[in-house]
Every structure is written in C-alpha cells, then in structure tokens.
Amino acid sequence: MEEFSDVGKYLRLPLHQIKVQESMDTSDVILIESIAEKLKQNQRNFLPIIVEEVDENEYKVLLNSHIFEAATTAKLDFVWCILADEQRRKQIEIESQQRFEVNMLTASEETISRMLQYIKKSHSGWRIEPEKVAKVIVANRNEKWKERKPFIPLTKLNCGIGKTKLGTLNKYFCIN
C-alpha cells in the first residue's frame, strides 16, 4: 500500500516556486500568447500543470509546460498543479496520449503492425509497409536489444526504419 502523500493532489502553487527543465520544448510564441490571454481573463488555469517536488517549496514542470509559460506571460501569481513524481510521469504521458507504450519485445506481430499503421498515418513522410516491418521485427527481436540504444538494431534490418525514424519510434514503443 502506498504511503500517504500529496502525489496526485491538486495544489495551488506560487508561480515563482516552479521551474521548467532545460530540456523541455518551448511552444510557439503565438500559442503561448493566446493561452496567456485566456489566463488573464480567468485568473486561473483549468488544465493543471504536472509538477514534481524537487525540494521543499520548489517544483519542476513535468508536463504542460506551455501552460506554465503562458501563466508566466500572463503574470499570474498562482497556478493549479497536480503533484506527481517520475514514476507516475510515464502513466500521465500515456493517459494524456502523449506517449504510447507497446513493448516491441513482447507485443504480437499484429499489435506492432497496428501501431506502425497508426504512426504512418500520423506522421507524414513515413513510407513503410507496417505489416512487412512488423514481420521483420518479430523475426529478429531478441533480449540483446535491451542492451543497445533503443531501436538501433532496426536500422540494420533493411525494413525501412532508418536513424531518422528512431525518435518517433521511441514515443510509441518501448523495449523492456
């Protein structure tokens, strides 16, 4: 049973106690300004910022950094957040459809094929044959794939997956 904590709770936090990770993507300025206008009108965010506590009264943004950026632009004093931790980050990404997690080492050929079809439909420039790629993956996958950088072995299988597609694959598949 989980220990009692504030993880998962809504918190109203002072904006100055929240920091953005350097590695987070910044959103387009026009989008931030548009969100900031709504935040100025309502004086609150309805979609919470997902944060992790890094020290007492110090938080870092895990998800929804665009709302944090807009709140900063709108000069809000407080924002609504949900406290999470790294363990729950992956679950939040999956639930918010920012990440899929199909295990390439254990998924059926059909599941891999369906995910590749989804990727092909969602990403222009993906000229692959999902059924063929899935068949090649299932025929060649092995436990040694865990030891290497994710998905690098796919680039050696002549199945249409090159290094430029690896970043996208990492958003939809895992190897564990």
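For the sequence shown, full-length UniProt numbering gives the first residue as 1, with consecutive numbering after it. A virtual CB, placed ideally from N, CA and C, is assigned to each residue, including glycine.
Span of the beta strand (DSSP E) around L116: Here the question's residue 116 lines up with position 116 in the sequence shown. L116 -> not in any beta strand (DSSP E); alpha helix (DSSP H) instead, spanning 109-122.
Beta bridge counterpart(s) of C159 as assigned by DSSP: For the purposes of this step, residue 159 is taken as residue 159 along the sequence shown, with counting starting at 1. Bridge partners of C159: none, in fact.
L76, DSSP secondary structure in three states: Translated into positions along the sequence shown, residue 76 becomes position 76. L76: coil per DSSP, three-state reduction.
E33, buried or exposed, once every other Cβ within 10 Å from all chains shown has been counted against 16: As a position in the sequence shown, residue 33 is number 33, starting the count at 1. Sixteen is the threshold: since fewer than 16 other Cβ atoms of the shown chains lie within 10 Å of the Cβ of E33, the residue is exposed.
Counted within 10 angstroms of its Cβ, other Cβ atoms place N103 as buried (16 or more) or exposed: What you label residue 103 is simply residue 103 of the sequence shown in a count that begins at 1. Exposed, since its Cβ has fewer than 16 Cβ neighbours within 10 Å.
Segment contact, 8 Å Cβ cut-off, at least three pairs: the segment 135-142 with the segment 153-170: yes
Start and end residues, alpha helix (DSSP H) containing R88: The residue you call residue 88 lines up with position 88 of the sequence shown. R88 -> alpha helix (DSSP H) spans 86-95.
Collapsed DSSP secondary structure at N103 in the structure displayed: Sequence index remark: in the sequence shown, residue 103 carries index 103 (1-based). DSSP places N103 within a strand segment (E or B) once states are collapsed to three.
Cβ contact (3+ pairs, closer than 8 Å) linking the segment 44-52 and the segment 113-121: no
Proximal residues to R114 (C-beta, below 8 Å), its chain only, five neighbours per side dropped: Residue mapping note: residue 114 aligns to position 114 of the sequence shown, counting from 1. Correct list, in chain order: P130.
T164 in three-state terms, based on DSSP: Looking up residue 164 in the sequence shown gives position 164. Looking at T164 - three-state DSSP - the assignment turns out to be helix.
Alpha carbon of W80 to alpha carbon of I152, nearest angstrom: On the sequence shown, position 80 is the one that residue 80 refers to. On the sequence shown, position 152 is the one that residue 152 refers to. Going by the C-alpha atoms only, they are around 40 Å apart.
Beta-carbon proximity of L39 to L76, cut-off 8 Å: Within the sequence shown, numbered from 1, the residue matching residue 39 stands at position 39. Within the sequence shown, numbered from 1, the residue matching residue 76 stands at position 76. Going by C-beta atoms, L39 is nearer than 8 Å to L76.
Range of the contiguous beta strand (DSSP E) that encloses I18: Taking the first residue of the sequence shown as position 1, residue 18 is located at position 18. Taken as a continuous stretch (DSSP letters only), the beta strand (DSSP E) holding I18 covers 18-20.
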